[in-house]
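Residue numbers (our numbering), protein chains in the order written: chain Y, 646 to 895; chain B, 646 to 895; chain A, 646 to 895; chain F, 646 to 895.
Number of protein chains: 4
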Amino acid sequence: MSKSRFEYVKQFEQQTDTLLLPNCFLVVRVDGRAFHRFAAAHKYRRPNDERGIGLMNRCAERVMREFPDIFVAYGESDEYSFVFRRNTTLYSRRQFKYLSYVVSLFSSSFVYHWKEFFGDEELQYAPCFDARVVCYPTLRNMRDYLSWRQADTHINNLYNTCFWALVQQDNKTPTEAEQILRVTDSGAKNEMLFTQFKTNYNELPAVYRKGSVLVWERTEEGASVVTLHEDIIGNGFWDARPELLKGQQD
Amino acid sequence: MSKSRFEYVKQFEQQTDTLLLPNCFLVVRVDGRAFHRFAAAHKYRRPNDERGIGLMNRCAERVMREFPDIFVAYGESDEYSFVFRRNTTLYSRRQFKYLSYVVSLFSSSFVYHWKEFFGDEELQYAPCFDARVVCYPTLRNMRDYLSWRQADTHINNLYNTCFWALVQQDNKTPTEAEQILRVTDSGAKNEMLFTQFKTNYNELPAVYRKGSVLVWERTEEGASVVTLHEDIIGNGFWDARPELLKGQQD
Amino acid sequence: MSKSRFEYVKQFEQQTDTLLLPNCFLVVRVDGRAFHRFAAAHKYRRPNDERGIGLMNRCAERVMREFPDIFVAYGESDEYSFVFRRNTTLYSRRQFKYLSYVVSLFSSSFVYHWKEFFGDEELQYAPCFDARVVCYPTLRNMRDYLSWRQADTHINNLYNTCFWALVQQDNKTPTEAEQILRVTDSGAKNEMLFTQFKTNYNELPAVYRKGSVLVWERTEEGASVVTLHEDIIGNGFWDARPELLKGQQD
Amino acid sequence: MSKSRFEYVKQFEQQTDTLLLPNCFLVVRVDGRAFHRFAAAHKYRRPNDERGIGLMNRCAERVMREFPDIFVAYGESDEYSFVFRRNTTLYSRRQFKYLSYVVSLFSSSFVYHWKEFFGDEELQYAPCFDARVVCYPTLRNMRDYLSWRQADTHINNLYNTCFWALVQQDNKTPTEAEQILRVTDSGAKNEMLFTQFKTNYNELPAVYRKGSVLVWERTEEGASVVTLHEDIIGNGFWDARPELLKGQQD
Chain Y
646 MSKSRFEYVK QFEQQTDTLL LPNCFLVVRV DGRAFHRFAA AHKYRRPNDE RGIGLMNRCA
706 ERVMREFPDI FVAYGESDEY SFVFRRNTTL YSRRQFKYLS YVVSLFSSSF VYHWKEFFGD
766 EELQYAPCFD ARVVCYPTLR NMRDYLSWRQ ADTHINNLYN TCFWALVQQD NKTPTEAEQI
826 LRVTDSGAKN EMLFTQFKTN YNELPAVYRK GSVLVWERTE EGASVVTLHE DIIGNGFWDA
886 RPELLKGQQD
Chain B
646 MSKSRFEYVK QFEQQTDTLL LPNCFLVVRV DGRAFHRFAA AHKYRRPNDE RGIGLMNRCA
706 ERVMREFPDI FVAYGESDEY SFVFRRNTTL YSRRQFKYLS YVVSLFSSSF VYHWKEFFGD
766 EELQYAPCFD ARVVCYPTLR NMRDYLSWRQ ADTHINNLYN TCFWALVQQD NKTPTEAEQI
826 LRVTDSGAKN EMLFTQFKTN YNELPAVYRK GSVLVWERTE EGASVVTLHE DIIGNGFWDA
886 RPELLKGQQD
Chain A
646 MSKSRFEYVK QFEQQTDTLL LPNCFLVVRV DGRAFHRFAA AHKYRRPNDE RGIGLMNRCA
706 ERVMREFPDI FVAYGESDEY SFVFRRNTTL YSRRQFKYLS YVVSLFSSSF VYHWKEFFGD
766 EELQYAPCFD ARVVCYPTLR NMRDYLSWRQ ADTHINNLYN TCFWALVQQD NKTPTEAEQI
826 LRVTDSGAKN EMLFTQFKTN YNELPAVYRK GSVLVWERTE EGASVVTLHE DIIGNGFWDA
886 RPELLKGQQD
Chain F
646 MSKSRFEYVK QFEQQTDTLL LPNCFLVVRV DGRAFHRFAA AHKYRRPNDE RGIGLMNRCA
706 ERVMREFPDI FVAYGESDEY SFVFRRNTTL YSRRQFKYLS YVVSLFSSSF VYHWKEFFGD
766 EELQYAPCFD ARVVCYPTLR NMRDYLSWRQ ADTHINNLYN TCFWALVQQD NKTPTEAEQI
826 LRVTDSGAKN EMLFTQFKTN YNELPAVYRK GSVLVWERTE EGASVVTLHE DIIGNGFWDA
886 RPELLKGQQD
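Put into structure tokens, the structure is as follows:
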């Protein structure tokens, strides 16, 4: 039962295990698999469930603490993006390492911390997340990536807020709600919320409208991860935190 | 806050998300990260902990049930290999899908099923697994891969059985045990176990010596996953189960 | 002007220079770029130009002699496929080496040997070839690749033979010839050649109908490359030359 | 002889034919294979052969004219680097296209233009070039790449100038010359040339010391490729030609 005559198979690993391009920002995005079903099975509140958001943020914090080369993370709904410093040399930039460690730790943390957020709502089955790793060559590209995700949050949340208002308060069926919303632009949706449901969209909690941004905060006692719900599309956020991009200019 | 001017960033995903070569067997191997520390923190029994093995097998079964294109899986210690049928077209053979789904579901299942196996031994923290995906072009290569892992199980288990016998029964320090074993070949280790510790290695439970093999069993009531502890290096295992490789000849 | 502070840029090469999967047949296919224009500029004879075919075969032979790990090559029209032995370890299976050496030597040879075939027809400009490298995991896949190319030769040649008969002998315009042929299947084309142009397609030179196959012939005096024009889709060709696939079974 | 049952083999091409990361500068470098032998066989003059340099530059110009997205090229000895604009979308950024077209056209041009530079020195055999494609994410990285090559030119040329002076003028054997030079730094080499061979290194033709830089020059009559022999490591070259990097800032 000599191992040696089989060891040649190890060579085959080289072909897929490629290295990520140096000096690029590395983004790992995890994304819930079949989370519509998962949310229904666990009675997620609509349009937003603070327990679910809290749990996602808790998992993301766990991942950031494990990999301090992640300098910013952004989450919304059932997805989370982790951005590694462009000059990271962790695991020689082997793509599989980044991908698997992040999605694995995120997934196990989701189950591990479930009870802290959902209390008596029991977890029915182990959830599953998709993940991908993407390279962004410049600061602009990386910021545009984050802006893309935050703009997506806005669009989805505005839609969902209207949709569930129609269903929950106006007794529309999901299909009816969909049809009503199909022909509305952003302005019409704001107007509908304000007129019909007495809701000023811009006064809804920022966590729903802006998603969650995780960054490191360094004080004399050490470093900790803080969770923010701010606009990251404009320059304000970045200008106020010059340490984020320090050493990462193009 | 228009999404469209940021959407170009989606193109960057294409570069890393490559497709796995058609007609190759696809192996996803998950592997515990820092499991020495994890095992110590959770008082794993040595040299083998049936609770830990049971939990790993439970997770692997969960993964197989989710992805029926996995036709065989093999586990030992803190690692598990999943072999997808060579002709699978799941997710258009996008490598990230295979990698992330398997390691994510394995990791979340590990926490989800922990209590069933470890009872009052509480889980201290969420564990993390590494994963990779590898292509094997021929039946021979795929079988040699599995043989490589099973030969590795044998070598490791024989070593560990001796090591822990020296430490637990002979009061050697780990360093002393290591020094004693450094100069022994396989025969000498068998001899040591038999003479000094009254243990016939070949009579130890097969699960320790052979690891665990998961395959589908199809009966009239449907398909189920069965866990075996047999030699998979020789032809016997494969000859006895012609359905495993049906449609997968070169 | 120290070189050292710039040398970090060499690391960036690793990301693209991947290794080809072991145990796969490696095919490099070169393909003329804008060869319609090239053929017109150099008054290629239609439907087939023996000078052009001879030159392509000469270039292919040159490539095979330079890289003896190519065990078979197949050419038709302005393309040539080179198949490397599946177990080749040339250049550690770095994909760029295979690709660039083959297409470079083929291209330079095309100019170098031009005059031997085209005589007074002067080369107007340096030609350009595209190339790709593809992995085939099994013998069946590799043979099917070659069959695909030879079936393509047949289809194209039958079409072109009819097309140019209509244009050259029947004074049709190219557009008219196209329209006539659009509605014909293979049988109708054969029939048209036979009835209208007194041509038995199957009696045309094999080099037009079957393309060119290059293999090594080893005699006592040494090894040489021979050019054949035979069917390689059926088993006959391969059965008659067992040395071709020796050591290359799955 | 239906083509369709073989066409599945086309799918296998997708796995290797990957796309180059958007927004990166793309460098294709061609490099002579076994050019020591080639130079000896064709009596290249030492340490520098103006005919060889002229031919290389001619080939590079041909490549640039064919692919106007190349905005700068740099050559020295038997290698040439071509830099494509970072925003090129030529061939959807398929790596094989860039690689094969550049090396193919360079190689065929080398033979095509040989006589213009080498006259009666007949070409003995078709030459062969290696090629690779590399991505550089930022302007700094791309400029450092070019600086790396030009610093290399300087180091090699200073060495070669000394080496051939010792061999040609001082009747040293190659081995003796090597041993003498092994212990010299850059200053000592300059000193040796000046004292022993009455040569002021800095007064040697710039083409030897700086290599060749090709850029586009746009005038009212149209665009043409010009060949320069200037320092491209410092900012001067780039500041004097703002159009080069226009639209290519990070």
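Idealized CB from N, CA, C, for every residue including glycine.
What whole-angstrom Cβ distance do arginine 707 of chain Y and leucine 750 of chain Y have, given they're in contact under 8 Å? On the first sequence, residue 707 of chain Y is found 62 positions in, with the first residue counted as 1. On the first sequence, residue 750 of chain Y is found 105 positions in, with the first residue counted as 1. The pair is a contact, with the Cβ atoms about 6 Å apart (cut-off 8 Å).
Could you tell me whether any Cβ in chain F is nearer than 8 Å to the Cβ of threonine 663 of chain B? As a working note, residue 663 of chain B is residue 18 in the second sequence. Closer than 8 Å: yes.
Tell me the DSSP bridge mates of aspartate 676 of chain B? As a position in the second sequence, residue 676 of chain B is number 31, starting the count at 1. DSSP, once it has assigned bridges, lists B:Glu724, B:Asp775 as partnering aspartate 676 of chain B.
How close, in whole Å, do the beta carbons of valine 852 of chain Y and isoleucine 698 of chain Y come, if the pair is a contact with beta carbons under 8 Å? Taking the first residue of the first sequence as 1, we reach residue 852 of chain Y at position 207. Taking the first residue of the first sequence as 1, we reach residue 698 of chain Y at position 53. Yes, they are in contact, since the Cβ atoms of valine 852 of chain Y and isoleucine 698 of chain Y sit about 6 Å apart, within 8 Å.
Please identify the residue among A:Gly677, A:Tyr746, A:Asp895 whose C-alpha is closest to the C-alpha of glutamate 724 of chain A. Position 79 of the third sequence, counting from 1, holds the residue named residue 724 of chain A. Comparing Cα-Cα distances from glutamate 724 of chain A to each of A:Gly677, A:Tyr746, A:Asp895, the minimum goes to A:Gly677.
Identify the contact partners of aspartate 666 of chain Y in chain A, using a Cβ-Cβ distance below 7 Å as the criterion. Translated into the one-based positions of the first sequence, residue 666 of chain Y becomes position 21. Inspection of the sequence shows that residue 666 of chain Y is occupied by leucine rather than by aspartate. Correct list: Phe657, Gln660.
Residue interval of the beta strand (DSSP E) (run including valine 860 of chain F): Locating residue 860 of chain F in the fourth sequence gives position 215, where the first residue counts as 1. Segment 857-864, the beta strand (DSSP E) holding valine 860 of chain F.
At a CB-CB cut-off below 7 Å, which residues of chain F make contact with threonine 783 of chain Y? Along the first sequence, one-based indexing puts residue 783 of chain Y at 138. Within chain F, the residues near threonine 783 of chain Y are Asn668, Pro782, Thr783, Asp895.
Which chain F residues are close to asparagine 938 of chain Y, counting only those with a beta carbon under 7 Å from its beta carbon? No statement about residue 938 of chain Y is possible, as the shown extent of chain Y runs from 646 to 895 and does not include it.
For leucine 744 of chain Y versus leucine 768 of chain B, is the C-beta spacing smaller than 8 Å? If you number the first sequence from 1, residue 744 of chain Y lands on position 99. If you number the second sequence from 1, residue 768 of chain B lands on position 123. Contact flag unset, no.
Quick test of the definition: if touching needs 3 or more C-beta pairs under 8 Å, does the region 650-657 of chain B touch the region 775-794 of chain Y? yes
Inter-residue Cα distance where the pair is valine 747 of chain F and valine 747 of chain A: Here the question's residue 747 of chain F lines up with position 102 in the fourth sequence. Here the question's residue 747 of chain A lines up with position 102 in the third sequence. Roughly 13 Å between the two C-alpha positions.
If we cut at 8 Å on Cβ distances, does glutamate 652 of chain F have a partner in chain A? By one-based count along the fourth sequence, residue 652 of chain F stands at place 7. Closer than 8 Å to some Cβ of chain A, the Cβ of glutamate 652 of chain F qualifies, so yes.
Starting from the C-beta of threonine 806 of chain F, find all residues in its chain whose C-beta is less than 6 Å away, skip the five residues before and the five after it, and write them out in chain order. On the fourth sequence, position 161 is the one that residue 806 of chain F refers to. Excluding positions up to five away in sequence, the list reads Pro692.
In this structure, does DSSP put valine 828 of chain B in helix, strand or coil? What you label residue 828 of chain B is simply residue 183 of the second sequence in a count that begins at 1. DSSP places valine 828 of chain B in coil when its eight states are reduced to three.
If you run the structure through DSSP and keep just helix, strand and coil, what is threonine 733 of chain B? Within the second sequence, the letter at position 88 stands for residue 733 of chain B. Residue state, collapsed to three classes: coil.
At a CB distance below 7 Å, what residues from the region 744-765 of chain F approach chain A? Give them in sequence order. Leu744, Ser745, Tyr746, Val748, Ser749, Leu750, Ser752, Ser753, Ser754, Phe755, Val756, Tyr757
Would you check if the distance between the CB atom of valine 717 of chain B and the CB atom of leucine 889 of chain B is smaller than 8 Å? On the second sequence, residue 717 of chain B is found 72 positions in, with the first residue counted as 1. On the second sequence, residue 889 of chain B is found 244 positions in, with the first residue counted as 1. In contact: valine 717 of chain B and leucine 889 of chain B (Cβ atoms closer than 8 Å).
Cβ of cysteine 807 of chain Y within 8 Å of any chain B Cβ: For the purposes of this step, residue 807 of chain Y is taken as residue 162 along the first sequence, with counting starting at 1. Closer than 8 Å: no.
Between the CA atoms of threonine 783 of chain F and leucine 665 of chain F - distance to the nearest angstrom: Position 20 of the fourth sequence holds residue 665 of chain F. Position 138 of the fourth sequence holds residue 783 of chain F. Roughly 14 Å separates the two Cα atoms.
Take every Cβ of the region 750-760 of chain B, pair it with every Cβ of the region 861-869 of chain B, and state whether three or more of those distances are shorter than 8 Å. no
What residue range is occupied by the uninterrupted alpha helix (DSSP H) comprising alanine 705 of chain Y? Translated into the one-based positions of the first sequence, residue 705 of chain Y becomes position 60. Its alpha helix (DSSP H) spans residues 695-711.
Please state whether DSSP places leucine 784 of chain Y in a helix, a strand or coil. Start at 1 with the first residue of the first sequence, and residue 784 of chain Y comes out as number 139. Residue state, collapsed to three classes: helix.
Isoleucine 877 of chain B CB to nearest chain Y CB: under 8 Å? The residue labelled residue 877 of chain B in the question sits at position 232 within the second sequence. With 8 Å as the cut-off, isoleucine 877 of chain B does not count as an interface residue toward chain Y.
Cβ shell of aspartate 884 of chain B (< 7 Å), same chain only, five flanking positions each side left out: For the purposes of this step, residue 884 of chain B is taken as the residue at position 239 of the second sequence. For aspartate 884 of chain B, where only same-chain residues beyond five positions count, there are no Cβ hits under 7 Å.
Specify, as a first and last residue, the run of the alpha helix (DSSP H) that valine 748 of chain Y falls within. Taking the first residue of the first sequence as 1, we reach residue 748 of chain Y at position 103. That run of the alpha helix (DSSP H) goes 740-757.
In chain Y, which residues lie with their C-beta within 7 Å of the C-beta of tyrosine 790 of chain B? Walking along the second sequence from the start, residue 790 of chain B turns up at place 145. Neighbours of tyrosine 790 of chain B on chain Y, chain order: Val654.
Name the two residues that bound the continuous beta strand (DSSP E) containing glycine 867 of chain F. The residue labelled residue 867 of chain F in the question sits at position 222 within the fourth sequence. Residues 867-873.
Do glutamate 721 of chain B and threonine 798 of chain B have their beta-carbon atoms positioned less than 8 Å apart in this structure? If you number the second sequence from 1, residue 798 of chain B lands on position 153. If you number the second sequence from 1, residue 721 of chain B lands on position 76. Against a cut-off of 8 Å, the Cβ pair of glutamate 721 of chain B and threonine 798 of chain B comes out as a contact.
In this structure, does DSSP put tyrosine 833 of chain A in helix, strand or coil? Position 188 of the third sequence, counting from 1, holds the residue named residue 833 of chain A. In the sequence on display, residue 833 of chain A carries alanine and not tyrosine. Alanine 833 of chain A falls in the helix class under three-state DSSP.
Tell me, please, which residues DSSP counts as bridged to alanine 718 of chain Y. If you number the first sequence from 1, residue 718 of chain Y lands on position 73. Alanine 718 of chain Y is bridged to Y:Phe727, Y:Leu859.
What are the start and end residues of the alpha helix (DSSP H) that includes glycine 881 of chain A? Reading the third sequence from its first residue, position 236 is the one you call residue 881 of chain A. Here the alpha helix (DSSP H) through glycine 881 of chain A covers 881-884.
Which listed residue (B:Tyr770, B:Met709, B:Gln740, B:Thr733) has its alpha carbon closest to that of serine 726 of chain B: For this step, residue 726 of chain B is matched to residue 81 along the second sequence. Checking every option, the nearest Cα to that of serine 726 of chain B belongs to B:Met709.
Hey, out of Y:Gln740, Y:Thr663, Y:Arg730, whose CA is closest to arginine 739 of chain A's CA? Here residue 739 of chain A refers to the residue found at position 94 when the third sequence is read from its first residue. Checking every option, the nearest Cα to that of arginine 739 of chain A belongs to Y:Thr663.
Which same chain residues end up closer than 7 Å to phenylalanine 882 of chain Y when comparing Cβ atoms and leaving out the 5 residues on each side of it in sequence? As a position in the first sequence, residue 882 of chain Y is number 237, starting the count at 1. Excluding residues within five positions, the ones whose Cβ falls inside 7 Å are Glu875, Asp876.
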